Ligand code: 4AD
Ligand code: MG
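Residue numbers (our numbering): 48 to 515.
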């Protein structure tokens, strides 16, 4: 076969160099046609759109074309021509086809018919080849780029926090332990506690639940930073919004108070949504048409609305009034309760009909590091609540007072001896500061309109599943 430089399908589809010879490579979506002429829909992942290859069956040989079935990988040389058919501007009249790899129709699981998302999760190694997952993963890439651009343009520094840690940032005891000890032969002291002296790190270590504590150290030096990396939670929640391994973006800014933190969160999400609309049009249109007819409208809606700012206490009043008027929630609602997703969604979807930033939560249900309000009951927390998702961001202004922070850590059972380095930021040159964490996959749920978080990360880790 003649060697011609490959053109990506995304570029071929935009080309007007009719009459020129091109090469494309990709995976066959379908082959159909007659004894004389075949049409191959070819996709190489560069775009959701396929290029149509027109094949003179006699010229290339019927036998030779037999392995060109759905899923096979081929390289095609041909002439670029203006398309007569609807739905595409160009097509390629094949002159030569090389078959890189066939895909036996008897065993290849992705035949042309639409498969359920549940079935596709069982073949996560192949699902990127579907239109749906191609679209989702291209959007995922674009959101990562948008995030770096947003912060870089505003003078934030990308700061790398460790994945292996000896401290529990959220104090929620949901950590996966990291050890090289022989689990069949654990050494214990007289109280039955495991002795970690001979473990790899000489102490108990785990996978991080958040890079915030280290992020705060960096903000106290570089001024404004963000992290963007994997985080891990061993919470046994089998919901469409929880993963055991997810990616989190955590900005942290010196001198920002809670109001500025809220504005940063709002600007940040809007920037990402705008980026998706501007750069992922074909993929979002596809997801809108196939799964969620309201998707584009919802994305555009969020850009127009100012997010509601509402103290927790007011939020609970609204929910209690709803109950009094006969609205049924599965879980009870009263001041002090950690709101369930149904409560959050009621506020967003039914009461305000736009995103809500809930602030000033009871201190008992929030982490030890949040700044305490004068009322002695609430802390300067903020959760950003979104339609269909519930909590998309969690953050706060941080307690900058050394004594208050140390006391609160002790009250909440956070071992102060393990976070001496964190407390040092409050001993030396402390300052007001704030930050938040955005769950990357929750943002992707919103932007793609997918309903299950397992479908916006390539290889989901959830209770009892770590395949692929
Ligand atoms: O509210 P969270 O627990 O806050 C923190 O970890 C803080 N240290 C963040 C900070 O202030 N720097 O988690 C932040 C966000 C949540 O709002 C949610 O979007 C996401 O992380 N998240 C999860 N996403 C998927 N699966 C899970 N199990 C998640 N847990 C939290
Ligand atoms: Mg939270």
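Don't be surprised by glycine CBs; every beta carbon is placed ideally from N, CA and C.
The model shown is predicted, which means the values in this text are computed figures rather than measured ones.
Shortest alpha-carbon distance to residue i belongs to which of the options?
i, options, result
"residue 422", "258, 410 and 459", "410"
"residue 301", "222, 202 and 240", "202"
"residue 63", "135, 108 and 397", "135"
"residue 59", "83, 124, 103 and 107", "124"
"residue 147", "510, 458 and 74", "74"
"residue 49", "118, 143, 172 and 493", "143"
"residue 438", "458, 402, 426 and 447", "402"
"residue 67", "138, 119 and 117", "138"
"residue 495", "120, 417, 70 and 331", "331"
"residue 79", "70, 71, 269 and 114", "114"
"residue 51", "499, 83, 126 and 464", "126"
"residue 413", "400, 430, 333 and 70", "430"
"residue 311", "367, 489 and 198", "198"
"residue 132", "167, 86, 486 and 371", "86"
"residue 462", "251, 160, 238 and 57", "251"
"residue 296", "273, 314, 61 and 281", "273"
"residue 287", "497, 72 and 513", "497"
Tell me which residues share the same chain as residue i and place their Cβ nearer than 8 angstroms to its Cβ, disregarding the 5 neighbours each side in the sequence.
i, result
"residue 474", "449"
"residue 163", "none"
"residue 285", "509 and 510"
"residue 518", "With the chain running from 48 to 515 in the structure shown, residue 518 is simply not present."
"residue 168", "174, 501, 502 and 507"
Identify the residues that DSSP records as bridge partners of residue i: which are they?
i, result
"residue 126", "68 and 140"
"residue 254", "211"
"residue 294", "277"
"residue 477", "Beta-bridge pairing links residue 477 to no other residue."
"residue 406", "358 and 429"
"residue 204", "272"
"residue 74", "90 and 120"
"residue 103", "84"
"residue 98", "89"
Whose C-beta lies closer than 7 angstroms to the C-beta of residue i among residues of the same chain, with five residues either side of it excluded?
i, result
"residue 261", "208 and 209"
"residue 304", "444, 479 and 481"
"residue 145", "48, 121 and 122"
"residue 235", "241 and 242"
"residue 187", "491 and 503"
"residue 181", "92, 95 and 175"
Is the beta carbon of residue i less than 8 angstroms from the beta carbon of residue j?
i, j, result
"residue 581", "residue 291", "Residue 581 is absent from the model: the chain starts at 48 and stops at 515."
"residue 309", "residue 436", "no"
"residue 428", "residue 454", "no"
"residue 177", "residue 157", "yes"
"residue 441", "residue 394", "no"
"residue 279", "residue 223", "yes"
"residue 387", "residue 378", "yes"
"residue 400", "residue 350", "no"
"residue 493", "residue 294", "no"
Kindly say whether residue i, judged by its beta-carbon, lies nearer than 8 angstroms to any beta-carbon of chain B.
i, result
"residue 500", "Among the chains of the structure shown, chain B does not appear; only one protein chain is present."
Sorted by chain position, which residues of the same chain lie with C-beta nearer than 6 angstroms to residue i's C-beta, five sequence neighbours on each side aside?
i, result
"residue 129", "65"
"residue 343", "335"
"residue 502", "164"
"residue 76", "88, 90 and 97"
Count the other CB atoms within 10 Å of the CB of residue i; is the residue buried (16 or more) or exposed (fewer)?
i, result
"residue 249", "exposed"
"residue 100", "buried"
"residue 382", "exposed"
"residue 464", "exposed"
"residue 364", "exposed"
"residue 212", "buried"
"residue 153", "exposed"
"residue 515", "exposed"
Is residue i near the ligand ZN, judged by its Cβ being under 7 angstroms from some heavy atom?
i, result
"residue 392", "Among the ligands in the structure shown, the ligand ZN does not appear; only the ligand 4AD and the ligand MG can be found there."
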